[in-house]
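**Student:**
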Amino acid sequence: MFTVSLRAVALYAVSVIAVRIMGKRQIGQLQPYELVLAILIADLAAAPMENVGTPLLYGLMPILALLFVHALLTLMDVKSIRMRKILCATPSVIIRKGSIQYDEMKRVNYTLSDLCEELRSQGYLNIAKVDTAILETSGKLSVFPKSEYAPLTPGDMGYSLRQEGVPLILVMDGKIRPEHLQASGKDEAWLMEQLGKAGIRDLESMLIASLDTDGKLLLQEKSKNAQRIILNALRPEEVVW
Amino acid sequence: MKKTVWVLVVTLLLVLILGLLCAWVSRNTVSSMKEKTALIAGLIQTQEYEEALEETKNLSSQWERRGELLQIWTVHEDADEVTVLLEILSVSLEEKEGLHALLACAELEQSIEHLYHRDALKLQNFF
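Those protein sequences? They're chains D and H, same order as listed.
The number in the working numbering is simply the position in the first sequence, starting from 1, with 515 added.
The number in the working numbering is simply the position in the second sequence, starting from 1, with 20 added.
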């Protein structure tokens, strides 16, 4: 029984590595050739996992071969527009200037029910508010409302706002993240000084310390009734990342 | 892009090297064992059972050495079949049962051939 378990662990590890090599995409975002590969890897790993009489290599070698094909197709996808069209198809405009493109829907086997469902899931109850809807190659529908129904932005109001950057997580679960602390241009002594200002002495007790691009340091301890503390830790000109 | 090229090269090399290596070891083992089986069959036909038994023992020890390695990439049932047939052949020769020994020899030859032919790059295997 240990052999079966060890084989399962080995095959699981190889499958995870294979899927990891494929790249960070969710199932819904997979291109057709990637989806087929994901299904096949699962099936190939299952066969030697359940039968000890089948050599492990019978599962591993086809996975390697499929990874090779996947890498080849990915290169072709990136390098050649024609190949991309063959492998991934092209996006289809389902609603153009507010008008439903029925012929295009028929061509891509997309029903009105699918369209309404996808519009609802994106917050559009009334199809009349949609100007453009594009069915992407991953199967996701990108929806663009008519200008009069689009959300108001600060730009529309004539406001110019400072771009908000990525906050740095200086402490996570009681541990300092050195790469983030280094990116902030500060050191551990400075961090401990800031914690001291908030009355925190023990770094281990920290749940999170996050420094945003406005120079505000958010602190929260792990204890049950811990309150969120926000300190003005940096002046705007001190924000270097 | 660089990662994809690396994956492409490494997977291609692994598939080619492992594939060729396994095929080479299988073919060599199979052809050498088949030669010995043919020799044993000849000795049985001339009723030289003692010599045939000696050759069968040599073949069995060769199989013990190579069989474990082959089982890394051949179906275990196929390998077990060769082991069982070698045992049957030995017993038949010890009992000097010529007909049984010849039959076991023929089956053994088929089973040995099967070890390589299931994986051989042939059109009939592809389909």
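All C-beta atoms, glycine included, are put in the ideal place defined by N, C-alpha and C.
Because the structure is a prediction, the values reported are computed rather than measured.
Is it buried or exposed, ASP688/D, if we count other Cβ atoms within 10 angstroms and call 16 or more buried?
**Tutor:** ASP688/D comes out exposed.
**Student:** Which partner residues of ILE745/D appear in the DSSP bridge assignment?
**Tutor:** Note: ILE745/D sits in a beta bridge opposite LEU733/D.
**Student:** Can you have a look at GLN144/H and say buried or exposed, based on whether 16 or more other CB atoms are within 10 angstroms of its CB?
**Tutor:** Burial call: exposed.
**Student:** Please check the pair THR128/H and THR57/H, which I expect to be a contact at CB under 8 angstroms, by giving their CB distance rounded to whole angstroms.
**Tutor:** The residue you asked about is not Thr; residue 128/H is Leu in the sequence shown. That pair is a contact at about 6 angstroms.
**Student:** My output table needs one value for LEU34/H: the three-state DSSP class, helix, strand or coil.
**Tutor:** Correct three-state label for LEU34/H: helix.
**Student:** Beta-carbon of VAL102/H versus every beta-carbon of chain D: anything under 8 angstroms?
**Tutor:** Not an interface residue.
**Student:** On the criterion of 16 or more Cβ atoms from any shown chain inside 10 Å, does TRP26/H qualify as buried, or is it exposed?
**Tutor:** TRP26/H is exposed by the Cβ-count criterion.
**Student:** Is HIS137/H close to chain D, meaning its C-beta is less than 8 angstroms from at least one C-beta of that chain?
**Tutor:** It does not: the Cβ of HIS137/H has no partner Cβ on chain D nearer than 8 angstroms.
**Student:** The alpha helix (DSSP H) with LEU640/D in it runs from where to where?
**Tutor:** That residue, LEU640/D, is in no alpha helix (DSSP H); it is neither H nor E in DSSP.
**Student:** Please report whether the beta-carbon of THR31/H lies at a distance below 8 angstroms from any beta-carbon of chain D.
**Tutor:** Chain D, which has a Cβ nearer than 8 angstroms to the Cβ of THR31/H, makes this yes.
**Student:** Spatial neighbours of GLU649/D within its chain, please: CB distance less than 6 angstroms, with the 5 preceding and 5 following residues excluded, ordered by chain position.
**Tutor:** Here the sequence assigns Ile to residue 649/D, which means Glu is not the residue at that position. Counting only Cβ-Cβ distances below 6 angstroms, and skipping sequence neighbours, we find PRO606, VAL608, SER657.
**Student:** Suppose the cutoff is 8 angstroms on Cβ atoms and the five residues either side in sequence are ignored; what does the same chain contact list for VAL524/D look like?
**Tutor:** Cβ neighbours of VAL524/D beyond the five flanking positions: none.
**Student:** Measure the alpha-carbon distance for LEU718/D versus LYS690/D and round it to whole angstroms.
**Tutor:** Their backbone Cα atoms lie some 7 angstroms apart in a straight line.
**Student:** Can you check DSSP and say which residues form a bridge with LYS690/D?
**Tutor:** LYS690/D is bridged to MET687/D.
**Student:** For GLY758/D versus ALA713/D, is the C-beta spacing smaller than 8 angstroms?
**Tutor:** The question about residue 758/D has no answer here: the residues shown for chain D are numbered 516 through 756.
**Student:** Grab me the residues of CYS42/H's own chain with a C-beta within less than 6 angstroms of its C-beta, minus the 5 sequence neighbours each way, in chain order.
**Tutor:** Excluding positions up to five away in sequence, the list reads TRP93.
**Student:** Between the Cα of SER52/H and the Cα atoms of GLN65/H, VAL30/H, LEU79/H, which residue gives the shortest distance?
**Tutor:** For the residues GLN65/H, VAL30/H, LEU79/H, the minimum Cα distance to SER52/H belongs to LEU79/H.
**Student:** Starting from ALA648/D, follow its DSSP beta bridges and name the residues at the other end.
**Tutor:** Partner(s): ILE610/D, VAL658/D.
**Student:** Does the segment 571-588 of chain D come into contact with the segment 27-34 of chain H, if we say contact requires no fewer than three beta-carbon pairs (one atom in each stretch) closer than 8 angstroms?
**Tutor:** Enough Cβ pairs lie closer than 8 angstroms, so yes.
**Student:** Considering only residues of the same chain and omitting the five flanking positions on each side of ALA560/D, which have a CB-CB separation below 8 angstroms?
**Tutor:** Excluding residues within five positions, the ones whose Cβ falls inside 8 angstroms are LEU526, TYR527, VAL529, SER530, GLY574, ILE578.
**Student:** Going by DSSP, what residue range makes up the beta strand (DSSP E) through LEU726/D?
**Tutor:** Unbroken beta strand (DSSP E) run through LEU726/D: 721-726.
**Student:** Would you call the segment 123-143 of chain H and the segment 100-107 of chain H touching, i.e. three or more CB-CB distances under 8 angstroms?
**Tutor:** Segments in contact, yes.
**Student:** Could you list which residues in chain H have their beta carbon closer than 7 angstroms to that of ILE536/D, in chain order?
**Tutor:** The answer, in chain order, is VAL27.
**Student:** Figure out for me which residue from GLY670/D, GLY673/D, GLN616/D, TYR625/D has the closest Cα to the Cα of THR457/D.
**Tutor:** This structure does not reach residue 457/D, given that chain D is present from 516 up to 756, and the question cannot be answered.
**Student:** Count the other CB atoms, across all protein chains shown, that sit within 10 Å of the CB of PRO669/D; report buried if there are 16 or more and exposed otherwise.
**Tutor:** Looking at its Cβ environment, which holds fewer than 16 other Cβ atoms inside 10 Å, PRO669/D is exposed.
**Student:** Please look up how many angstroms separate the CB atoms of VAL45/H and ALA580/D, rounded, as I've assumed it's under 8 angstroms.
**Tutor:** Their Cβ separation, rounded to whole angstroms, is 19 angstroms, which puts VAL45/H and ALA580/D out of contact at 8 angstroms.
**Student:** Report the residues of the segment 550-562 of chain D with a CB closer than 8 angstroms to any CB of chain H, ordered along the chain.
**Tutor:** Going along the segment 550-562 of chain D in chain order, one finds no residue with a Cβ nearer than 8 angstroms to chain H.
**Student:** List the DSSP bridge partners of ILE60/H.
**Tutor:** Beta-bridge pairing links ILE60/H to no other residue.
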